[in-house]
Each structure stands twice: as structure tokens, then as C-alpha cells.
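2 protein chains.
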Amino acid sequence: MSPSLSKKHQKLVDGIQAGKKRSIARAITIVENDEETAAALIEALYGFSGKAFVLGITGPPGAGKSTLVASTVREFRAQGKTVAVIAVDPTSPYSGGALLGDRVRMDRVAADDGVFIRSMATRGNLGGLSRKTVDAAIVLDSAGYDIVIIETVGVGQSEVEIASTADTTVVVLSPEAGDGIQAMKAGLMEVADVFCVNKSDRDGADRLVREIQNAVMLPSNQKEESSWYPTVIKTQARAGDGVQELIAAVKSHEAFQREAGRFESERVRNTRLRIGRIARDTLTDRLSTGHQQLLDQLAEEVVARKKTPYSAATELIEQYLRNAHKAD
Amino acid sequence: MSPSLSKKHQKLVDGIQAGKKRSIARAITIVENDEETAAALIEALYGFSGKAFVLGITGPPGAGKSTLVASTVREFRAQGKTVAVIAVDPTSPYSGGALLGDRVRMDRVAADDGVFIRSMATRGNLGGLSRKTVDAAIVLDSAGYDIVIIETVGVGQSEVEIASTADTTVVVLSPEAGDGIQAMKAGLMEVADVFCVNKSDRDGADRLVREIQNAVMLPSNQKEESSWYPTVIKTQARAGDGVQELIAAVKSHEAFQREAGRFESERVRNTRLRIGRIARDTLTDRLSTGHQQLLDQLAEEVVARKKTPYSAATELIEQYLRNAHKAD
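From first to last, the protein sequence lines stand for chains A and B.
The numbers in our numbering rise by one with no breaks, and the one at position 176 of the first sequence is 176.
The numbers in our numbering rise by one with no breaks, and the one at position 279 of the second sequence is 607.
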């Protein structure tokens, strides 16, 4: 299936395992732009991954995620952990000012050798975001970082899904009107292991905390007996207040999951979904690449109402299976 | 492939073609919740669809989309057109207050017999959004509405994709800081046929218009010679200002596309993508449903680093193809 690595890329793999930032950066660029080489790269790196703790941080735009991530990174560093950050946020910067502030803050953090920060290019590229993010996480994991943070904007469905592939998922909300409702609508309540009410000095912070605690108790959000109930932590990321508590909550969740034997089984569950996604994407590529003409013809027949999209899809699949069979 | 319709559902089809709102509503609920019946329903309805003009309206949260949609609907009605609206917006309501305002506004509009408004339930449901939305549009199309409006929040990749399956796509921005940058990052520039700068009485409206006009001219956004260049319209949706101009711009785009023979070919292109998506989803279902045990085993081997996600996916596909072959 996947091509074997060229000498050049083998050197890249060595550089990554040696933790060379330039090699890591180049590998992530490959993951972003060259699917085939990326697959080969992951083949080569995968065996060295799996040691990092993956932390997902998501939430609506403007909740202060980037600032929170920056202070979280500083706190992990103070605890002697190395940290890598992948920021997947097509809507960020939400405001030019905030960006500047965060960037300065981030740059100061990124100067540190035990820290790697990379934002994924998503502009105009609406596909494969999930694959690219998870592969980037594998690169950073195999480079030996203790913690890999995946930051996504919790608005689009894909973005929420990405964050929820982490070992622990933190949902960041701010007391702005509607954030609570919005979180529920966006399916954020379902993926949260820890809630972070940021900008907790603002009006409505306590109301939001209550809102969340009530929502967690809603029948639709009930879990089995023995399972973890999301904790709610108040932070003021800009001042760093509450960040230690946030990290403590994340660690409690990790400990609980390990205790309950759920840490590993969650990774199996996520990996299961991932294998399914890769298989799906591979089949999709084969379906379209192998059958351009048939697809053109089917599309025209569907637009002319001679066929329906569903019957056309069935025809496409049957043709593909016939060819695959011949290919054996 | 798809099951044939029960008597009950045949009556539903009749009700939809008779334009009965209750039948339409029930059909959309089926589209949302029961994939199999939905497929059969679309099989039955598809031949009667294709007459409606489909208008996509997208943009970041808080740009005033819902208010704009409401005034657009009123304007279309004033021109004697019947209009159906599908609102896909997991983040809406962005603020409780705005919602209330919009809902009142919407209710007044929805009382009109020539108008149907439905928001798609997305809470906690992160899959199949695109299929459900397009199928809902087919239901409304086959019910005989002249215009079908699909409103999505232009932040997540899926949401942007959904809106861009329309005949004409309007991207709504407001002069808030960063909206322009955000739009570019979210890939909104690429999908826009018409830009709507809403809340145009606010500071920065003219700057945003210039920002957009410059962005449209960026090399990366250049199109072939003969193709349409997005127009920029200023509106104040709450007061209804500029809405006639917006609709005029939409009509110019439609006319241009028809003139250039692109109206039909765009539908073919979108349908082509759609057939591919349906085929992909069908294969994904078969892959997972038929191979639970294999998937479990592969996932565990991958987590144990005995295999990589990519080699596991290849194995899954090969197994599926062998079974499909046997099944012949």
C-alpha cells in the first residue's frame, strides 16, 4: 500500500526521533501537503509513538483557548514536562488584537527548547483535516514530547471530533451570553472530560458554571454508573489563575481512566474509528480516481433525474467491486 | 439497495407533492433520524425535484445570518416566490437576545403559507449532516417551493461545504474585527458567489468591503477568464436595507451561470461530489458493520504498535473486498 521511505525521508525520521525541531516541522508540512509520503512517514514513526499524553482543548471562538493553551504549556513546563501544541483553528485569529497578544505570549513560550508549537494550515483546504491533525500528533509523540496538545475551535463537527480523539478533552467556555447554550448545540457537552470556564472574573461566570453542572446531569448526558463525570474549573488564563487546578483536573481524569482500565480502551475505541476513517478515505480515492468517466456519466443522469443520487452511488460501488475483483 | 416505500410513506410522498407542511415536516424528521427510510423517500421524491433555485447563505457566527435570511424571505415573498429555509447552525443562537429577536421575526414570516422554515437538529449528532441537509433540500424542492435557502454557520469545514452545494452561495460578514481574516482562513472566500457585508452602518464596513475586494483579486482566488467575480453588497438586515440589491446580485449570478452554461454543469459537479460521498458513506457502513470483530482486533494491534493505522485500514479493505467477492 504505502510507499517505502526515500533516504531523504529516512534522515527525516532520524531527525524527528532526535527531537530536532526542524525535522519535526518539515514532517508536519509533509503530513499537511503530501498524503502518500505522509503515510510512509507515519508507517516509519508509528512504532515510536503512543507514549505521549494527548490533551484536546476545544471551545467556541473567543473563549480564550490560545491564551489558556499558552499558560497551560508554561505550567506543564514548570512541572518539567516537554509539550507540543497543534493549533487547528480556521477561525483564529478571532480578533486581530487578541491574536497579537497570544502570538507574543506564544513566541515567548516557543523559544523554550522543551516546547514545540505549530498551527495547521487549513485555509481553502476543507479535506483531510482530521487525518492531518492526528498524523501531526503522531509525529510529535514519536519525537518524544511528554504532552501533545491539540487545540481546535469547537464549532464545526470535524473540529469537535478531532479534539475528542485525545486522551482527555477540555472544553473551554467563557461567560459571554449564549456560550452555554452554544456548547450544548455544538455537541461539546458530549465530548468534555473537563470544563474550563475561562475569563471567570466576568459577569455570569458562576451562572455558566451552574448551567454546565445542570447540563452534565441531563438524562441525555447520563453515563453508566462507574464512569467519569466532567469537572468544572474556573480560570483566568491571561493571569494564569486556575491553570494549576485545570491541569490537576486533567490528571485526575487520566488517573480515573487508567484506574478503570478505560485509558487503553478509549485509545482502542478512537483508533478503531480512525482505521475506519482511513479505510473510508482510501476507498473514496479509489472510487473516484478509478471511475472518472462513470462518475461523470452518473452525475449527468442524476441531474437529468434519470437516476437518484442513491441508485447512482450503488452503481458506482458495484462497478468498483467488479473491478477490484478482476484486479485480484 | 434502498427499501421500497410502505403505504404510510407513499401517503407521505403524496402529501409532500401536495405541499402539505405537516407531511414535509415529517419527511425532514425521517431524513434526520432514519437513514434507510430517508433513502427510499428520496428515491420516490427525487424525480419531482430539481426545479427549485437553491441559495446557500453562510458566514461566521454573529454576522446576522438569521436576520438576513428572514428579510430575504420577505423580499422573495414580495416578488411572489414561495420560499423554504433549512437552517443548519449548531452554534446558533449565538446570543440569547438575538435569537429571540430572530425567532419572533421568523415566526411572523413562517405564518405565511408560501414559507416553510426548519432548523436541522445537529445536537450531539456529528455525522451525516451534509447528506441530511441536501436530502431535506430535495424534500422541499419536490414540494414545489420556488426557492430553497440553506443557512449554515461558515466556520466548520462541513458547514462551508454544505452551503457551497447551492446554485448560488452568499457569504455574510459583519464589520467586526477579524471577520475578513477569519473568512479567508475558514475558506469562505473560495465558495462565495456574492459577499454580503451586513450591519453596514457599523464602523469598518467600508474597510471590510475593500478587504474583500482585494482578497477576491488575490492570485490564489483568481479564476479563469470567463468566470464570475463575486460581487459585494452592503446590507442592514434588521432594517431590510440592501436586501433587494442582495437578491438582484444573486439573480445576476444565476443569469451569468445560465448564460455561460455553468448553471447545469455546476449542478453536475456538485452531484458528482454527492454521489461520491454517498458511495463513501455506504462503503463505510458496510466496512464497519460487516467487520466488527476484525476492526476490534485491528484497533488493539494498532494501539499495541504491532500495526499502523494505515496498514490496518488496508487489511480491513482487503478483507471487505474478499467478502464482497464471495457475496457475488
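Glycine included, every Cβ here is placed at the ideal spot set by N, Cα and C.
- Residues of the region 576 to 602 of chain B with a C-beta atom less than 8 Å from some C-beta of chain A are E592, R595, V596, R597, T599, R600, R602, listed in chain order.
- Residue pairing by DSSP places E479/B opposite I385/B, A415/B in a beta bridge.
- Between G80/A and E628/B, the alpha-carbon positions lie close to 31 Å from each other.
- Only buried fits M189/A, as 16 or more other CB atoms lie within 10 angstroms of its CB.
- With a threshold of 16 other beta carbon atoms within 10 Å, D141/A meets it and is buried.
- If you check the CB distance, R210/A and P175/A do not come in under 7 Å.
- Contact between the region 391 to 411 of chain B and the region 472 to 486 of chain B is present: three or more C-beta pairs spanning the two stretches fall below 8 Å.
- T612/B belongs to the set of residues whose beta carbon lies under 7 Å from a beta carbon in chain A.
- Non-local beta-carbon contacts of V488/B in its own chain, meaning distances under 7 Å to residues more than five positions away in sequence, involve T386, G482, A514, G515, L516, V519 in chain order.
- A Cβ of chain B is located within less than 7 Å of the beta carbon of G47/A.
- T37/A is the residue among T37/A, A279/A, T29/A whose C-alpha sits nearest the C-alpha of Q10/A.
- Interface flag for T308/A against chain B is set, since a Cβ pair is found closer than 7 Å.
- For the region 4 to 28 of chain A, the beta-carbon criterion of a distance under 7 Å to any beta-carbon of chain B is satisfied by none of its residues.
- When Cβ-Cβ separations below 7 Å define contact, R280/A makes contact with chain B.
- Neighbours of R305/A in chain B, taken as residues at a C-beta separation under 8 Å, are given in chain order as Y374, G375, S377, G378.
- For V630/B, at least one C-beta of chain A is nearer than 7 Å to its own C-beta.
- Of the candidates A40/A, L5/A, L68/A, P61/A, L68/A places its Cα closest to the Cα of G240/A.
- R26/A and R600/B have their C-alpha atoms some 35 Å from each other.
- E245/A has a beta carbon lying at 7 Å or more from every beta carbon in chain B.
- Nearest C-alpha to M448/B among I358/B, V578/B, R614/B, R608/B: I358/B.
- According to DSSP, Q236/A shares a beta bridge with D241/A.
- Distances from the alpha-carbon of S486/B to those of K65/A, G128/A, L283/A, R274/A put G128/A closest.
- DSSP places L188/A within a helical segment (H, G or I) once states are collapsed to three.
- Put simply, the CB of S616/B is near chain A, with a gap under 7 Å to one of its CB atoms.
- For E371/B, the nearest CB of chain A lies under 7 Å from its own CB, placing it at the interface with that chain.
- Taking 7 Å as the cut-off, the beta carbon of R305/A is found closer than this to the beta carbon of G378/B.
- Closest in alpha carbon position to L283/A, among I233/A, N323/A, N33/A, D167/A, is N323/A.
- Ranked by how close their Cα comes to the Cα of S554/B, the residues V578/B, Q585/B, E573/B have Q585/B in first place.
- Per DSSP, the unbroken alpha helix (DSSP H) holding S142/A starts and ends at 129 to 142.
- For the options G472/B, I540/B, L383/B, the alpha carbon positioned closest to that of T559/B is the one of I540/B.
- In this structure, I414/B and A494/B do not form a Cβ contact; the two beta carbons are roughly 11 Å apart against a cut-off of 8 Å.
- According to DSSP, V172/A shares a beta bridge with C196/A.
- Under the 10 Å beta carbon count, G47/A is surrounded by fewer than 16 other beta carbons and is classified as exposed.
- Across the set G442/B, K527/B, S492/B, T497/B, the C-alpha of K527/B shows the shortest separation from the C-alpha of G390/B.
- Y145/A counts as buried, since no fewer than 16 other beta carbons sit within 10 angstroms of its beta carbon.
- A215/A is classed as buried because its beta carbon has at least 16 other beta carbons within 10 Å across all chains shown.
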